[in-house]
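J.: Provided herewith is a single structure, encoded as structure tokens, for subsequent inquiry.
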Amino acid sequence: MLIRFAPRRLRRSSLIRAPAGRSAATCRSRRRGRSPSICGGRDAPLPASRAAPLPVPRVATRRRRAPPSSPPARRRRRARAVPRLAMPTHRLSSSSLLRAAALALAAAALPAPDARAEPIGSRPADAERAHSVQTCSDPAVDLDAVRVQAERRDARAASVASASRLGLDPAEIPATLDLLDAEAIQARGLRDSVEILRAMPGVMAGNLPGQPGVASMRGFASGAVSYLFDGVRLTSSGFSARNWDSFQFERVEVLKGPASVLYGEGVLAGAINFVPKSAQLDGRGGEFLLGYGSHGSARLGLDRNAPLSDTVAVRGVLSANRGDGYIDDTASQAQAFAGSLLWQPDARLSLRAALDYQRDDFDTAYFGAPLVPAEIAAYPSALVDNALGLVVDKAARDRNYNVRDGRMDSRSWWLRTRLDYRLNDAWNLSNEASVYDARRRWDNSEDFAYDAASGRLQRSAARIHHRQRVWNQRLSLRHEGRLGGRRHLFAAGFEYSDTDFFNLRRFGRAGSVDLLAHERGMLPPDGPLDYGDGRNDFSTRAKVAAVFAEDALNLSARWLLVAGLRHERIELRRRNLDLDSGLRSGFGREFSPTSWRLGSVFELRPRTQLYAQYSSAVLPVSSFLTINQRNNAFDLSHGASVEVGLRSELFDQRLRLAAAAYKLRQDDILTRDPLQPQISVQDGRQSAQGVELSLSAQAAPRLRIDASAALLSSRFDRLREAGGADRSGNRPSNVPERTASVDAWYRLDGLPLSFHLGLRHVGDFYTDNANQFRVRAHTVADAAVDWNGAGGRYTLRVRNLADAFYADWSGYSARQVYLGAPRSVELTYTRAFQ
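With the UniProt record's numbering applied, the sequence shown has no gaps in its numbers, which climb one by one up to 834 at the end.
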């Protein structure tokens, strides 16, 4: 077998662009003369006095477009790619956190075989791409003559765009940023956004029908986690999230901790950014995907990028999937199309336009399995612990208790444009504009509970329809220069969004159903007789105007200080029509929150950074788009976080480590007055603390291992619910305190045959704030065999290898849990083409 190696290249320091005493102009002239010892230029070759480390086999990566500063020729550069790994967070006591930090610092202080004098950032471009705080790397161990293209600066900047607007390199971010790119997603066999999120360190995700792709992280769930599409966040972003096909995305980024300073209200635990594939100038090519598996599942994907000239490129991405579902009568299908256009007439100007269309249809959505008395269960399980003697019946593993004519579907399109213009060597202007339109519908029986008197399940009926349109505009100006002789970055801008949201809501009762779901009945027609719990039509108008600023200053060549500030003005207007009484009502409210953060990154040694950050966030007490008049009277709740972390590359970057410890708190959450339990007050508090660890190791020439783990402790410090029930000290629902994962890839010598084994562990969690029902922990194993020949790549994958019986989320009722998929097999074929 012939193994080819890529030459090593260096780039300038991440933390400082020019050494003290050298002007930017001097460095530019030196770079023209290829003098890396003076300026550490990105294109500078390795000095002869420094022997290059042992080469690492190339790993295939996608082509990236040239940055605006590239000459029209757009010459391709190649660099060595090193596989990456990410590890999740662990939550412990304060003393444990301090001990963990001390151990991490001690480990970083140990000499490494590849220790060098060059500053942070003097590493190959592919290493820059991997060097986020916690990066889930491309796991494909492909050692035979595989090629790598170095990523250009604009691609590197894009990879951390969700963490800062300053254009910082990954090593300069004082926060935890996990990402999976398209190749890593494909190598792990991740088919949709829920599976992608479950592969992220410390993240738990579920496919809750009302919020597909719902996630929890760092001890908080639902409203504390925000969703972005190509860096744009919508008000009450959880409504826009769907369980998207993974083939559409170039990468998925998860920024941990508060990010209101970047995206406004509602970003306390983290922000998830889905970045779609877009047109590139530097290569014509595409990819084809075809898959078929258990439960009638089938997938199709087609991706084509085509440069039309030196200045114009277009790209189209089409995906479609369908399946019968592992639950009775839950067939579904989804289609998506993304088209993008890039126009870059010169080195200073680029204009990008993109249109994404998504649709999904579920014949009858799955709303979980009910808890029933153990004595009536045909095959009682020990899946849920509780004092009431309720169990999940294994005989109900594939039962659907929704009505026969249940529906869940959505249609959305998103048009986006982005203009980047370099005013001069120091100033850059960026303008992003987008319009989003969506229609969503739920006509289902969502809740059901066992009735001992009748021996049947009593069910709810709900009809919920959404119409949503959002206009968004973001204008920003970025400066890169020097302040007091030190490197200085500054960005400021203005953002405006206007959301028009209509909601039809009907709540009532559907007919009961037996435990065997023999006759599931139909959803009652819309009318006062069957929907006595509420029949309302309301519309919400939310206008958000914000100004923001960020700043970064090198206090020394090894020490970077980062700060950010954002002020918003939020205007809400709500109109409501009660169809039962005929009463029309309305209300409004304005908010003016301010969020900020302060962080620092210090280089302990080459390729080892210690960082710390304090950040704040604001959250509404309930969703802005569905808030009622009672909750509208309350102020925003406030959150804050302290985080310290360490990231390091050792043994010629064959081992990458990342660790983070944090404390997170949310104040002013709604609770009940202890003296008057019928009155709600803003005096509650929820907090969490934990640690996250990750590693990626090229353990042998043909073996790579990625691993991650997260430990946390999340509690309600003060909370009283209806009736005055005290929940203080309890854990929030759908928050596991332990998560871990291990992935290993091994390739045979002399054959294009490789093997993958993945293990994912999720700790126990509760279905309600009362902590009455505890869902036991589970571990799921996946395995795959991959043949990558000249005619394409064939992958045979087995999911849930041991056919584990487990639950991965709780339903709308505390007595419903969503059962995980049983063992399944899938065969996929992929091929790249020019």
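Idealized CB from N, CA, C, for every residue including glycine.
Given the structure is predicted, the values throughout are model-derived calculations rather than measurements.
Can you find the residues in the same chain that come closer than 6 Å, C-beta to C-beta, to Asn631, ignoring five residues on each side of it along the sequence?
T.: Val621, Ser622
J.: In chain order, which beta strand (DSSP E) runs of at least 3 residues are fully inside the segment 687 to 723?
T.: The segment 687 to 723 contains these whole beta strand (DSSP E) runs: 703 to 718.
J.: Could you give the distance in angstroms between the alpha-carbon of Arg715 and the alpha-carbon of Ser641?
T.: Each residue's alpha carbon lies about 15 Å from the other.
J.: Please state the DSSP three-state secondary structure of Gly223.
T.: helix
J.: Helix, strand or coil for Arg815, going by three-state DSSP, please let me know.
T.: coil
J.: Measuring CB atoms only, is the segment 249 to 265 touching the segment 276 to 289, in the sense that at least three cross pairs come out at less than 8 Å?
T.: yes
J.: Just to confirm, are Val562 and Ala546 a CB contact at a threshold of 8 Å?
T.: no
J.: Spatial neighbours of Arg654 within its chain, please: CB distance less than 6 Å, with the 5 preceding and 5 following residues excluded, ordered by chain position.
T.: Gln698
J.: In chain order, which alpha helix (DSSP H) runs of at least 4 residues are fully inside the segment 380 to 459?
T.: none
J.: Under a Cβ-count criterion, where at least 16 other Cβ atoms within 10 Å of its own Cβ denotes burial, should Met522 be classed as buried or exposed?
T.: exposed
J.: Could you tell me whether the segment 312 to 320 touches the segment 330 to 349, using the rule of 3 or more Cβ pairs below 8 Å?
T.: yes
J.: Do you know offhand how far Phe833's Cα is from Trp413's?
T.: Distance between the alpha carbons of Phe833 and Trp413 is about 28 Å.
J.: Out of Glu287, Val214, Ser350, Leu477, point me to the one whose CA is closest to Leu281's CA.
T.: Ser350
J.: Hey, how far is the Cα of Arg422 from the Cα of Phe502?
T.: 40 Å
J.: For the beta strand (DSSP E) holding Asn576, just list the boundary residues, first then last.
T.: Residue range 559 to 578 is occupied by the beta strand (DSSP E) that includes Asn576.
J.: What residue range is occupied by the uninterrupted alpha helix (DSSP H) comprising Gly183?
T.: Residue 183 is actually Glu in this sequence, not Gly. It spans 182 to 188 - the alpha helix (DSSP H) in which Glu183 sits, taken as one unbroken run.
J.: Assuming Gln333 is part of the beta strand (DSSP E), what are its boundary residues?
T.: 332 to 343
J.: Report yes or no: do the segment 737 to 747 and the segment 693 to 708 share at least 3 C-beta pairs separated by less than 8 Å?
T.: yes
J.: For Arg459, which residues in the same chain have their Cβ closer than 6 Å to its Cβ, ignoring the five residues on either side in sequence?
T.: Ser445, Phe448, Ala510
J.: Given a cut-off of 8 Å on the beta-carbon distance, is the pair Leu796 and Val780 in contact?
T.: no
J.: Measuring alpha carbon to alpha carbon, tell me which residue in Gly481, Val261, Arg831 is nearest Gly639.
T.: Val261
J.: Report the three-state DSSP secondary structure of Gln468 (helix, strand or coil).
T.: strand
J.: Near Leu565, what residues of its chain come up, given a Cβ to Cβ distance below 6 Å and the 5 sequence neighbours on each side ignored?
T.: Ala549, Trp596
J.: For Arg793 and Thr830, which I take to be in contact (beta-carbon distance under 8 Å), what is that distance rounded to the nearest angstrom?
T.: 5 Å
J.: Assess contact between the segment 465 to 475 and the segment 224 to 242, defined as three or more Cβ pairs (one per stretch) separated by less than 8 Å. Is contact present?
T.: Touching, per the Cβ criterion.
J.: Counting pairs of Cβ atoms below 8 Å between the segment 349 to 369 and the segment 798 to 806, do you hit three or more?
T.: no
J.: Just checking, does the segment 721 to 731 make contact with the segment 686 to 698 on the three C-beta pairs under 8 Å criterion?
T.: Taking one beta carbon from each stretch, the segment 721 to 731 and the segment 686 to 698 have fewer than 3 pairs nearer than 8 Å; the two do not touch.
J.: Can you give me the Cβ contacts of Ala387 inside the same chain, cut-off strictly under 8 Å, excluding the 5 residues immediately before and after it?
T.: In its chain, beyond the 5 residues on either side, Gln772 have a beta carbon closer than 8 Å to the beta carbon of Ala387.
J.: Considering only their Cβ atoms, is the gap separating Arg218 from Gly202 smaller than 8 Å?
T.: Pairing Gly202 with Arg218 gives a Cβ-Cβ distance under 8 Å.
J.: Any idea if Leu619 is buried or exposed, counting beta-carbon neighbours within 10 angstroms, 16 or more meaning buried?
T.: buried
J.: For the segment 321 to 336 and the segment 355 to 362, state whether three or more C-beta atom pairs, one from each stretch, are separated by less than 8 Å.
T.: Inter-segment contact for the segment 321 to 336 and the segment 355 to 362 is present: three or more beta-carbon pairs are separated by less than 8 Å.
J.: Does the structure place the segment 717 to 724 close enough to the segment 662 to 679 that three or more beta carbon pairs sit under 8 Å?
T.: yes
J.: Got a sec? Which residues, its chain only, sit under 7 Å from Ser585 by beta carbon, not counting five neighbours each side?
T.: Asn576
J.: Tell me whether Arg815 is buried or exposed, calling it buried when 16 or more other Cβ atoms sit within 10 Å of its Cβ.
T.: By the neighbour-count criterion, in which a residue is buried when 16 or more other Cβ atoms sit within 10 angstroms of its Cβ, Arg815 is buried.
J.: What does the alpha-carbon distance come out to for the pair residue 835 and Asn243?
T.: No answer is possible for residue 835: the residues shown for the chain start at 1 and end at 834.
J.: Closest to residue 839 by CA distance: which of Tyr818, Gly493, Leu759 is it?
T.: Any answer about residue 839 is impossible in this case: the structure gives the chain only from 1 up to 834.
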